[in-house]
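**Student:** Quick note on my numbering: the sequence shown kicks off at -5 and runs consecutively.
Positions of the beta carbon are idealized from the N, C-alpha and C atoms, including for glycine.
Because the structure is a prediction, the values reported are computed rather than measured.
To start, I am sharing the structure in question, which I have written as structure tokens.
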Amino acid sequence: MALEERTSPKKIIRWLWIALLVVLLGALDWGIQWATYTRPPLDEALAAPDLLDRISKNK
């Protein structure tokens, strides 16, 4: 395979599209994981610092 065949503009553009799709799919996957990450309810999250203070004072 000659160097000209491997570096033809059509093949370079095709690989750039493939790389862009891989990046976009990775970003989509990360976004879905972030959006569906289970977080504690807001009341528990707000009470956590007070709970940690009480636990550390009891030691």
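(1) Assign residue 2 to one of three DSSP states: helix, strand, or coil.
(2) Pick helix, strand or coil for residue 43, following the three-state DSSP scheme.
(3) Under a three-way DSSP split, which group does residue 33 fall into?
(4) Would residue 41 and residue 33 be called neighbours here (beta carbons separated by less than 9 Å)?
**Tutor:** Looking at the coordinates:
(1) coil
(2) helix
(3) Residue state for residue 33 is assigned as coil, using DSSP reduced to three classes.
(4) Going by C-beta atoms, residue 41 is not nearer than 9 Å to residue 33.
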